[in-house]
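In my numbering, the protein residues as written are 751 to 1178.
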Amino acid sequence: MITYSFSFKRYFLFLFMLLFTFSGAQKKFTIVLDAGHGGSDHGANRYYSEYGTLREKDITLSVVLKLGRMLEKDKDFKVIYTRKIDEYPSLTDRTTLANRSKADLFVSVHVNANTKTTPYGTETFVQGPDQNKTNLEVAKAENDVIYLDEKDREMFASYDPKSPESLIALKIQQSKYLESSLLFGSFVEGNFEKKDKRYSRGVKQQNLHVLRLNAMPSVLIETGFISNYDDAMYLASDNGQSEIATSIYDAIISYKKAIERNTATVVKAEPEKPEEKPLKNDFRILLMSTPTKYAGSDPALKGLNYILPIKENGMYKYYYGTTNLASVRDNNLKTAKDAGFRNATSISFVPNQNLGIGYYTLELAVTDQKLSSNSYMLNTLKDVNRVKENGKFYYTYGKFTSLEEALKARKNLEDKGVKDAVVEKKLK
Ligand SMILES: [Zn+2]
């Protein structure tokens, strides 16, 4: 009896000490705020008579400082800035700082840009392999800056995004933080959409260097397009910047709550989500079918990139994106519809299928006048075919048994400077 009571007391003492130790050691929720670009790296910029030249690096800093001030008012948060002034920390510095501080969340703030003025709205990126070609432009714009810094060059030199090792390492890292990153990203985009009435382009996966080596949930927020007038005016205004900062702040609060709920109730680790299995076929989004031939920059294509025209029976079919993942296909279809192609539909292609009858060729040009023999195209390429039909000259190149072969040849032509070749399916 006595023994029992003694050990019972000891047990309580132990429990009390444990609780005390635990609460005393409770770690602050550490957030790294990364204002994109800075110093010699201006990021995207555009001139507007209302403001002069707007620069991405100024907007991101301003938003981050506002956000930081909100978070610093709360004792639960510890805020670490990758920069608080107009300077350029290398991407390696940003990542090292985040990892060393064992941060709980990494938030990189950026501003989007497009060569066209029409695209607008917000999007949030989480680290993931390049599955969706539509995001490549963002990856390019945000990754390009790595070559500004010697340290970065060393750090990223050994990294080949196409090597299987890099992909495996990426997938392991990604699966560990992906779900949390996606959750936080969805809060951010949800707030932009609901509270600020912005147009959200969604949460997307992309391989971005600034996120890749972070050992914590990380997102890169594109807060709007500097290339779009309305977005730019919003991004430049004090009110716009405050709204953006507030929406990110609210998302951080929701995220922290969700994470705490999760760790309190779920003791055992959640089973990892199975990776999405690729489908047998490739899918492309058919935007429209028309007798008109458009160049890649034509407004009729509504600013979408990665468009593949395939001509069949005199009709040009414009396809957008290629993927064998159902999720990416659905995302591509949404992007196409959002861009204004309401009747867009997804079409399946059997990969590497040989045409039984007929062949593929590349239509290089359709002209009213015969091209001069010293034109760039005819000078660069041998064996260009010319056919006259209904008063027009059709210039084609090569014969290929599968679409993939034709696409490879089309890419080669592009590298040689012969752009906008149309794949033509000849079924005779
Ligand atoms: Zn940027």
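Glycine included, each C-beta is placed from N, C-alpha and C at the ideal position. Bear in mind the structure is a predicted one, so any value in this text is a computation, not a measurement.
- Distances between the C-beta of Gly974 and the heavy atoms of ligand 1 are all 8 Å or more.
- With respect to the C-alpha of Glu873, the residue from Lys816, Phe856, Leu804, Glu943 having the closest C-alpha is Glu943.
- At a cut-off of 3 residues, the continuous stretches assigned as beta strand (DSSP E) that sit fully inside the stretch 1067-1119 are 1095-1099, 1109-1117.
- At a Cβ-Cβ threshold of 9 Å, Lys1061 and Glu1113 count as neighbours.
- For the pair of segments examined, the stretch 1031-1042 was found to touch the stretch 1097-1109: the number of CB pairs separated by less than 8 Å reaches three.
- Distances from the alpha-carbon of Thr846 to those of Leu811, Asp784, Lys807, Phe875 put Asp784 closest.
- The beta carbon of Leu1083 sits closer than 8 Å to those of Ile1035, Ala1094, Thr1095, Ser1096, all from its chain and outside the five residues before and after it, given in chain order.
- Annotation for Asn1135: the continuous beta strand (DSSP E) segment containing it runs 1134-1139.
- Between the stretch 825-840 and the stretch 799-815 there are three or more inter-stretch CB-CB distances shorter than 8 Å, so the stretches are counted as touching.
- Where Lys1176 is concerned, the enclosing beta strand (DSSP E) starts and stops at 1172-1176.
- Counting every other CB atom within 10 Å of its CB across the protein chains shown gives Thr1042 a total below 16, marking it as exposed.
- Rounded to the nearest angstrom, the gap between the Cα atoms of Gln991 and Leu985 is 6 Å.
- In this structure, DSSP gives Glu972 an extended state, which the three-state scheme calls strand.
- The three-state reading of DSSP puts Leu783 in strand, counting E and B together.
- For Ile971, the number of other beta carbons within 10 angstroms of its own is at least 16, and it is reported as buried.
- In this structure, Thr1151 has its CB at a distance of at least 8 Å from all heavy atoms of ligand 1.
- Runs of the beta strand (DSSP E) spanning 3 or more residues and lying entirely within the stretch 990-1060 occur at 1032-1040, in chain order.
- Put simply, the stretch 838-856 touches the stretch 947-966. At least three CB pairs are less than 8 Å apart.
- Counting C-beta pairs closer than 8 Å gives fewer than three between the stretch 1060-1074 and the stretch 938-958, which falls short of the contact rule.
- Annotation for Asn1135: Thr1146 place their beta carbon closer than 6 Å to its own, counting only its chain and skipping 5 residues before and after.
- About 24 Å separates the Cβ atoms of Ser1039 and Asn1102, ruling out a contact at the 8 Å cut-off.
- Distances taken from the Cβ of Ala1089 to the heavy atoms of ligand 1 include none shorter than 8 Å.
- Per DSSP, Glu873 lies in no alpha helix (DSSP H); the unbroken beta strand (DSSP E) holding it starts and ends at 872-877.
- Distance from the CA atom of Ala1045 to the CA atom of Tyr838, rounded to whole angstroms, is 39 Å.
- Remark: the C-beta of Glu1155 is outside contact range of ligand 1, defined as less than 8 Å to any heavy atom.
- Annotated three-state conformation of Asn862 is strand, per DSSP.
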